[in-house]
Amino acid sequence: MVNTFISSIGFGIASGSVLALASLGFTLQFGLSNTLNVAYGAFVTLAAFLGYVLIALWGVNLWLAMAIVAVVIGVLSGAYYQGFIRNLIRRGAGMGPVTIATAAALIFIEYAIVSVAGPSVKSYGITTGRTYHFWDFVLSSTQLAIIALAVGLMLIFQVLLRVTQLGRSLRATAVNKTLARSCGIRVERVTSITWLISGLLCGTAGVALALTTQAFDFNVGSSFLILIIAAAVVGGIGEPYGAIFGGFLIGIATELSSAYFNPAYSQVFAFVLLVAVILIRPTGILGVKAKARV
Amino acid sequence: MLLVYFGTDVIAAWGLNLQYGVAGVLNFGYIAAVAIGAYMFGALTLGPDSGNGGYQSYIIGLHLTPALGFLGAALSGCIFGGVIGLLGMRRLRPDYQAIVLLVVAVVALTVVQADTGLFNGNSGLSLIPNPVGLTGPATGNGWFYVAIVFGACIVCYRVLRRFTDGPLGRSLRALRDDDVAAAAIGKNVVALRILVQIVGGGFGALAGALLVGFIGAWSPSAWQFAESLSLLTAIIVGGYANNVGVIAGALLVPVIFQQATQYVPGLASNAELATDIGWMATAVLTIGFIWWRPGGIIAERRPRYGSGVRSRSRFSYAPLAMAPATVKERAPGSTPSDVGTAHEFTRPAVVAKGPSTTSTTSHDERAGSSSDEQSGRALLQVSDLAINFGGVRALESVTLEVAAGTITGLIGPNGAGKSTLVNCVSGFSKPDSGSVMFNGHDITRAPAYRSSRLGLVRTFQLSRQFSRLTAIENLLVARQHHPAESVLGVVAGLRYWKGAEEETVIRARGLLEMFEMTAKADELASNLSGGERRMIELMRALMTDPVLLVLDEPLAGLSPRWSERFEEAVRLLRESGITFLLIEHDLGIVERLCESVVVMARGRVLSTGSMSELRTRAEVQAAYVIG
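Top to bottom, those sequences are chains V and H.
Our numbering puts the first residue of the first sequence at 6, with every later residue one more than the last.
Our numbering puts the first residue of the second sequence at -4, with every later residue one more than the last.
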């Protein structure tokens, strides 16, 4: 009984770290630009597939490939914001139409991927390597590396946020865009860079996800997206700490529920948690503002 | 039979259009309603043993006749919508609502796929009996089924118009355009949203049932997330918030889907690739329209009520020249204005003891405990109100009174908490402690729409309007207790509420004339200038027959000429019995208009008295200098 519990926690940390990374990227976009970017899921899928091309087809080293994919997705994400999201908002599209447009972008990207890569399930085919035993659970070296990488990236990001000029500008812009602009902060540039950073995180998470799930298809990103949204909202949307916290919480929760209940329902548990948080404490566990005024 | 797909798409799109186009609720999970309808139809019409050696497992299995199957399916859609509505349509930001709705659909999909006992899991249901007595499509009786679908479309259209047209449709659009302003004129935003979930859910479910009756099978692959998008595309492309436009969209989208694939080489043999390309084309189409033509091919049109022009709406009105006279006739005992112009205003229900133009059921509530409003009794009593925002004490021990029949001013430097106080008093924020009594009712924890309905109406610092309604519609929507917005009104239709609507239009036109904005009556609110918007906001507040009107910096952004008119109007209105709480920075106007003034600074009430008294008090001067 205790074994199951601990091993679930262990796996939860592993899957939670990927989720935390992805949610961090997502919450940055949501918090800064106030848009529900549904296409984020497509970028995760894209990352997974690019990783597949590099690792499985071209034999590139895993970590190098991850770095390359992260950069590519980062650049794409920045361009996506500049060329697509920002112009939509400038043209006066409200939140509804913008969200729908991002959903359309999701569909476009994912179906483009499947038309090129085919519907069959893909795998990186990486052998699990050495395994390490911690109390009652077993983690492979890859999983450990991913946890380490994720934690490392999140730490770097926190340093960035607290210490650097960019981080300060980011926080200011997220709180009050107009005020930030009048303080001389180059809001557009900060926003583009933030989307780029979130793309980096997304790309890393996408490859990591493909690694941990072993097999994936063109839907991997959009199914993961719901978990990402759940983690971000539960933790407190727009709040970086919240996304990280939420990611680990949801990761562990899904592992626990799949250990004790029907595994097919493990995701449902996460969604129930999400809906519960939205109804009871919409600001999220660590978050600030979510309720409407009526 | 493409016509069957077309017909069911139209019905489904209408339902989603009601939710999104008209009421502004973005429902990514709409497809779940369609799925419920399909599954319920199957579950109701299939026998307990599907006659195939029982290889399907599912719930119910009642072997009902198809007609009952359709009805049951539609009903289950309504129930589903109701549950979703109660769960998710609370006071949430619109994007959170969108998330909740999406999650519901995904959860439903996951659960159904996983649990084979519910609806046969991933394999889905099949061999669902075709109502025309045959299994499978493409037979001689296919046309009969088309007729069934067509008949369903006609019925649905009649029902739909009860919700998307007329005063109810107007209120839904108001809630779409600005839910905060809608609450400020007494619309129960949450209830309306639940309503469209129920009705929309019914439509979706019926569409699903009709579809599955024809196809005979239904599985999770038929209702993935992408299907919701294709319906949204139909709405966006065809005509947002426009029922006829949606028909065009439902026609166009599948056509594009198919046609697109014909121009890509090498697809003839590869059906899967064709589907993928089709989806990509649909996505591009959606984005294209959002980018260039968000209104869709057939854009939303608002009815016109202008004078001189032969009205295109179904109501007949007296020409505008007669309107003021009519207004005068309808207001017995109203005092002629002494400003020398013929402007009149229908007196609010509080003073007119005789027949009033608005429903009298609210009259008793608003009359409150005392019927003599000139006694100077306290209409509004705020006691020891306090509220914190994340550690900042925005209001602290705020106590003040507004006497009936007076104009009370509320002044103070920026950041003093004036707007916060207004928010707390009117129900847009919940105070942490203290109480607010209005006209004998405790409204401390009442939601915004409730205070508005009781007669406490506020305006906003940054004026709010319903941008996609015309100026006059902005006024019409503010009418309280419109018979068209009741259950009886929806069921009985136009004939029931036609009279009330005509009255409302006459009143609105009277107001427009009074403020010299008749020419702009049919102009979309988004096209009005800043000053015009502010006047519309004031007029809208007046349409609600307020007892206490709280004006939050109404003169900000008004030209001197408009300011004068405004001041004149406030005086006039006070004559007719409305009480005012006026937040203003222009101390000259405050001095001229207000008998009593309250000064606030840093979240507290600093001082109370007449303006001339306050000018001499040291702490008031200090507050303005230091802030």
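The beta carbon of each residue, even a glycine, is placed where N, CA and C say it ideally should be.
Item                                                                                                                                  : Value
Beta-carbon proximity check, A18 of chain H vs L170 of chain H, cutoff 8 Å                                                            : yes
Beta-carbon proximity of G291 of chain H to V232 of chain H, cut-off 8 Å                                                              : yes
Proximity winner among H:L506, H:A204 and H:L87, relative to A536 of chain H (alpha-carbon distances)                                 : H:L506
Within chain H, the residues that Q272 of chain V reaches when beta carbons sit closer than 9 Å                                       : V101, V102 and T105
Proximal chain H residues relative to S227 of chain V, where beta-carbon distance stays under 8 Å                                     : F220
Cα-Cα separation between T217 of chain V and S145 of chain V, rounded to whole angstroms                                              : 10 Å
C-alpha gap between L149 of chain V and L26 of chain V, whole angstroms                                                               : 15 Å
I406 of chain H: first and last residue of the uninterrupted beta strand (DSSP E) it sits in                                          : I402 to I406
Cut-off 6 Å between Cβ atoms - residues of its own chain near G36 of chain V, not counting five sequence neighbours on either side    : A179 and G243
Sub-8 Å separation of T199 of chain V and L165 of chain V beta-carbons                                                                : no
Chain-ordered chain V contacts of G19 of chain H [CB-CB under 8 Å]                                                                    : G101
Distance, T454 of chain H Cα to A52 of chain V Cα                                                                                     : 50 Å
Selection of the stretch 49 to 66 of chain V by Cβ proximity to chain H, strictly under 8 Å                                           : none
Whole-number beta carbon distance between S13 of chain V and E193 of chain V, since they are thought to touch under 8 Å               : The Cβ separation is near 45 Å, so there is no contact.
Chain-order list of residues whose beta-carbon lies under 8 Å from that of I78 of chain V (same chain, five-residue window excluded)  : F48, L51, A52, L55, G204, L205, C207, G208 and G211
Exposure label - G422 of chain H; buried when at least 16 CB within 10 Å                                                              : buried
Cα-Cα separation between R372 of chain H and A399 of chain H, rounded to whole angstroms                                              : 6 Å
Contacting residues, own chain, Cβ-Cβ under 7 Å from A217 of chain H (five flanking each side not counted)                            : none
Endpoints, beta strand (DSSP E) assigned at I382 of chain H                                                                           : A373 to F384
Candidates H:L190, H:A30 and H:G197, of which the one nearest V106 of chain H by Cα                                                   : H:A30
Within-8 Å CB hit, M84 of chain H to chain V                                                                                          : no
V397 of chain H - DSSP class collapsed to helix/strand/coil                                                                           : strand
Alpha helix (DSSP H) runs contained entirely in the stretch 104 to 157 of chain V, provided each spans 4 or more residues             : none
Rounded straight-line distance, which links the Cα of Y85 of chain V to that of A617 of chain H                                       : 52 Å
Three CB pairs or more closer than 8 Å across the stretch 39 to 46 of chain V and the stretch 230 to 247 of chain V                   : yes
Contacts of I251 of chain H in chain V (Cβ-Cβ under 8 Å)                                                                              : Ordered by position in chain V, no residue passes the 8 Å Cβ test against I251 of chain H, which lies about 13 Å from the chain.
Cβ of Y34 of chain H within 8 Å of any chain V Cβ                                                                                     : no
Delimiting residues of the alpha helix (DSSP H) encompassing G623 of chain H                                                          : In the structure as shown, chain H begins at -4 and stops at 622. Residue 623 of chain H is therefore absent and cannot be evaluated.
Chain-order list of residues whose beta-carbon lies under 8 Å from that of V141 of chain H (same chain, five-residue window excluded) : M(-4), L(-2), V(-1) and G2
Three or more C-beta pairs below 8 Å linking the stretch 478 to 489 of chain H and the stretch 209 to 216 of chain H                  : no
A295 of chain V - DSSP class collapsed to helix/strand/coil                                                                           : Interpretation of A295 of chain V is limited by its pLDDT of 43, a score under 50 that renders its predicted location unreliable; the figure taken from the coordinates is listed afterwards. The answer is coil: DSSP assigns A295 of chain V none of H, G, I, E or B.
Beta strand (DSSP E) segment containing T603 of chain H, residue limits                                                               : R599 to G604
Alpha-carbon to alpha-carbon, D172 of chain H and P162 of chain H                                                                     : 15 Å
Minimum length 3: unbroken beta strand (DSSP E) runs contained in the stretch 505 to 593 of chain H                                   : 543 to 547 and 574 to 578
Start-end ranges of the alpha helix (DSSP H) lying completely within the stretch 446 to 489 of chain H, minimum 4 residues            : 466 to 471 and 482 to 487
Neighbour-count burial assignment, Q14 of chain H, 16 or more Cβ in a 10 Å radius                                                     : buried
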